[in-house]
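Read top to bottom, the protein sequences are chains A and B. Letter 100 of the first sequence, counting from 1, is numbered 100 in the UniProt record's numbering, and no numbers are missing. Letter 189 of the second sequence, counting from 1, is numbered 189 in the UniProt record's numbering, and no numbers are missing. Note that beta-carbon positions come from the ideal geometry of N, C-alpha and C, so glycine has one too. Everything on this sheet refers to the single structure shown next.
2 protein chains.
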Amino acid sequence: MTAVRVLLADDEHLIRGALAALLALEDDLVVVAEAASGAEALAMARAHRPDVAVLDLQMPGGPDGVKVATSLRDELPSCRTMIVTSHGRPGHLKRALSAGVRGFVPKTVSAQRLAEIIRAVHAGNRYVDPELAADAISAGDSPLTAREAEVLEFAADGAPIAEIAERASLSQGTVRNYLSAAAAKLGAENRHTAVRLARERGWV
Amino acid sequence: MTAVRVLLADDEHLIRGALAALLALEDDLVVVAEAASGAEALAMARAHRPDVAVLDLQMPGGPDGVKVATSLRDELPSCRTMIVTSHGRPGHLKRALSAGVRGFVPKTVSAQRLAEIIRAVHAGNRYVDPELAADAISAGDSPLTAREAEVLEFAADGAPIAEIAERASLSQGTVRNYLSAAAAKLGAENRHTAVRLARERGWV
DNA sequence: CGCCCCCGATGACAAATGTCATCGGCCCCC
DNA sequence: GGGGGCCGATGACATTTGTCATCGGGGGCG
Numbered sequence: 001m002t003a004v005r006v007l008l009a010d011d012e013h014l015i016r017g018a019l020a021a022l023l024a025l026e027d028d029l030v031v032v033a034e035a036a037s038g039a040e041a042l043a044m045a046r047a048h049r050p051d052v053a054v055l056d057l058q059m060p061g062g063p064d065g066v067k068v069a070t071s072l073r074d075e076l077p078s079c080r081t082m083i084v085t086s087h088g089r090p091g092h093l094k095r096a097l098s099a100g101v102r103g104f105v106p107k108t109v110s111a112q113r114l115a116e117i118i119r120a121v122h123a124g125n126r127y128v129d130p131e132l133a134a135d136a137i138s139a140g141d142s143p144l145t146a147r148e149a150e151v152l153e154f155a156a157d158g159a160p161i162a163e164i165a166e167r168a169s170l171s172q173g174t175v176r177n178y179l180s181a182a183a184a185k186l187g188a189e190n191r192h193t194a195v196r197l198a199r200e201r202g203w204v
Numbered sequence: 001m002t003a004v005r006v007l008l009a010d011d012e013h014l015i016r017g018a019l020a021a022l023l024a025l026e027d028d029l030v031v032v033a034e035a036a037s038g039a040e041a042l043a044m045a046r047a048h049r050p051d052v053a054v055l056d057l058q059m060p061g062g063p064d065g066v067k068v069a070t071s072l073r074d075e076l077p078s079c080r081t082m083i084v085t086s087h088g089r090p091g092h093l094k095r096a097l098s099a100g101v102r103g104f105v106p107k108t109v110s111a112q113r114l115a116e117i118i119r120a121v122h123a124g125n126r127y128v129d130p131e132l133a134a135d136a137i138s139a140g141d142s143p144l145t146a147r148e149a150e151v152l153e154f155a156a157d158g159a160p161i162a163e164i165a166e167r168a169s170l171s172q173g174t175v176r177n178y179l180s181a182a183a184a185k186l187g188a189e190n191r192h193t194a195v196r197l198a199r200e201r202g203w204v
């Protein structure tokens with residue numbers, strides 16, 4: 001049996017290197033490429049055609065782990081993808097699964113566990129951390145309509161209504177209506193807490 | 001020469017374990033204890049009396065890396081402390097330095113580099129990542145008064161003025177005045193962006 | 001001591017925001 | 001064809017928030 005070829009993508013050199021070292025201890029796994037960004041991960045994947053891509057969810061600058069997974073599904077269907085993340089937001093899990101990701105684990109797992117999961121994913125199985133799965137289920141589906149979510153995103157940095165309206169190419173009144181509706185659905189008393197709640201639930 | 005005894009504290013098992021494995025490769029370093037939380041780190045430090053404590057800045061629940069460093073300075077003056085962090089906010093660096101931390105590095109450094117820095121810190125030197133240092137200098141000192149910063153923290157989750165006033169035991173008018181002053185100093189157009197800016201600069 | 005700054009508060013006013021009702025257009029689906 | 005939902009907008013209104021002037025008290029400092 002030939003070893004599983006793994007691509008590692010994580011912006012934190014410390015973690016990436018350490019991870020590579022630990023996975024190297026497993027003699028049925030071989031890290032064939034490392035990347036420090038989403039863009040780099042894509043390039044590496046094209047060049048090395050790994051069996052499994054282990055992607056950090058949040059990477060600076062370009063595409064995040066889920067975006068990379070989406071691209072990989074199209075470009076390299078033979079490559080299974082999995083996401084590793086520090087903060088497990090429920091919505092991220094959903095996004096990831098619909099991007100064809102087959103493994104989703106928090107960084108709190110041990111290296112042994114990760115190695116097992118890589119093998120499972122490579123074998124075609126799926127693995128989702130039970131706790132994250134429970135969170136995602138309890139968080140449920142987003143009650144927000146497309147525009148509500150969109151406007152909420154524009155509101156994310158605390159911008160005033162006028163600016164949101166401009167960026168969304170909408171009337172200020174319309175923006176206020178959407179924000180009001182979104183806040184009501186989320187049980188928030190103003191748009192700022194609404195943004196926070198939506199972020200926590202992974203709905204933006 | 002006897003090996004440097006290191007305490008590792010990081011909530012992410014994956015990183016902690018991997019780090020321990022990498023540092024173990026350096027034959028003048030020995031990881032004598034690992035901790036997954038601030039509280040645990042303190043307990044471990046008391047029990048094992050390490051030469052150097054490598055602390056993650058953000059840990060869930062209890063005390064963060066800086067708080068641990070503060071406690072360690074009092075309880076275990078012989079133990080040098082250093083902070084490792086993912087997101088390098090300028091203010092954190094300042095807080096850390098005034099807590100007696102002697103090393104401050106982002107997780108983007110390599111393990112070799114980290115090992116060198118641990119040795120430097122153990123030898124009594126200080127090390128601060130140049131990029132983070134530059135950010136901290138350019139961010140400058142907080143222009144906020146104590147109460148302004150305090151009120152801004154209460155405003156951090158988007159709560160309405162009434163709630164902030166209650167939590168801060170202040171009049172609503174006073175709260176509005178402080179928030180207005182803080183927003184003006186930060187160049188923000190409302191308290192929510194003020195909160196965001198203050199966070200970015202590490203002033204809250 | 002006088003000066004300055006911070007604290008905490010009040011009042012008044014303007015501006016931004018939240019809330020609600022209502023409209024027309026569109027699309028999907030029964 | 002007729003709901004029903006989402007989209008986008010408007011108007012009116014109440015509430016919240018931001019802004020400013022002002023006051024009194026207290027502590028530090030030349």
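Tell me the DSSP bridge mates of residue i?
i, result
"Pro-106(B)", "Thr-85(B)"
"Val-128(B)", "Phe-104(B)"
So, is the C-beta of residue i closer than 8 angstroms to a C-beta in chain A?
i, result
"residue 229(B)", "Residue 229(B) is absent from the structure shown; chain B starts at 1 and stops at 204."
"His-92(B)", "no"
"Ile-15(B)", "yes"
"Pro-130(B)", "no"
"Leu-61(B)", "A quick correction: the sequence has Gly, not Leu, at residue 61(B). No, its Cβ sits nowhere closer than 8 angstroms to a Cβ of chain A."
"residue 287(B)", "The shown model of chain B, from 1 to 204, leaves out residue 287(B), and the question about it has no answer."
"Asp-11(B)", "yes"
"Leu-55(B)", "no"
"Ala-21(B)", "yes"
"Ser-86(B)", "yes"
When you compare the CB of residue i with every CB in chain B, is at least one pair closer than 8 angstroms?
i, result
"Ser-37(A)", "no"
"Asp-27(A)", "no"
"Ala-41(A)", "no"
"Ala-149(A)", "no"
Please classify residue i as buried or exposed, where buried requires at least 16 neighbouring CB atoms within 10 angstroms.
i, result
"residue 205(A)", "There is no way to answer for residue 205(A), as the model of chain A reaches only from 1 to 204."
"Glu-12(A)", "buried"
"Ser-98(A)", "exposed"
"Ile-137(A)", "exposed"
"Ser-171(B)", "exposed"
"Gly-62(B)", "exposed"
"His-87(B)", "exposed"
"Glu-131(B)", "exposed"
"Thr-145(A)", "exposed"
"Gly-91(B)", "buried"
"Ala-162(B)", "exposed"
"Ser-169(A)", "exposed"
"Ala-96(B)", "buried"
"Glu-148(A)", "buried"
"Pro-106(A)", "buried"
"Pro-60(B)", "exposed"
If we require 3 or more residues per run, which beta strand (DSSP E) segments fall completely within the UniProt domain "Response regulatory" (5-122) of chain A? 29-35, 52-56, 80-85, 103-106
Short of 7 angstroms Cβ to Cβ, which residues in the region 177-203 of chain B face chain A? Glu-189, Asn-190, His-192, Thr-193, Arg-196
Interfacial residues, the region 96-122 of chain B to chain A, with Cβ spacing under 9 angstroms: Val-105, Pro-106, Lys-107, Thr-108, Val-109, Ser-110, Ala-111, Gln-112, Arg-113, Leu-114
Output needed in chain order: residues of the region 151-164 of chain A with a Cβ under 8 angstroms from some Cβ in chain B. Within the region 151-164 of chain A, contact with chain B at the beta-carbon level (separation under 8 angstroms) is assigned to Asp-157, Gly-158, Ala-159, Pro-160.
Please list the segments of the beta strand (DSSP E) lying wholly inside the region 161-190 of chain B, counting only runs of 3 or more residues, in order along the chain. Within the region 161-190 of chain B, there are no complete beta strand (DSSP E) runs of at least 3 residues.
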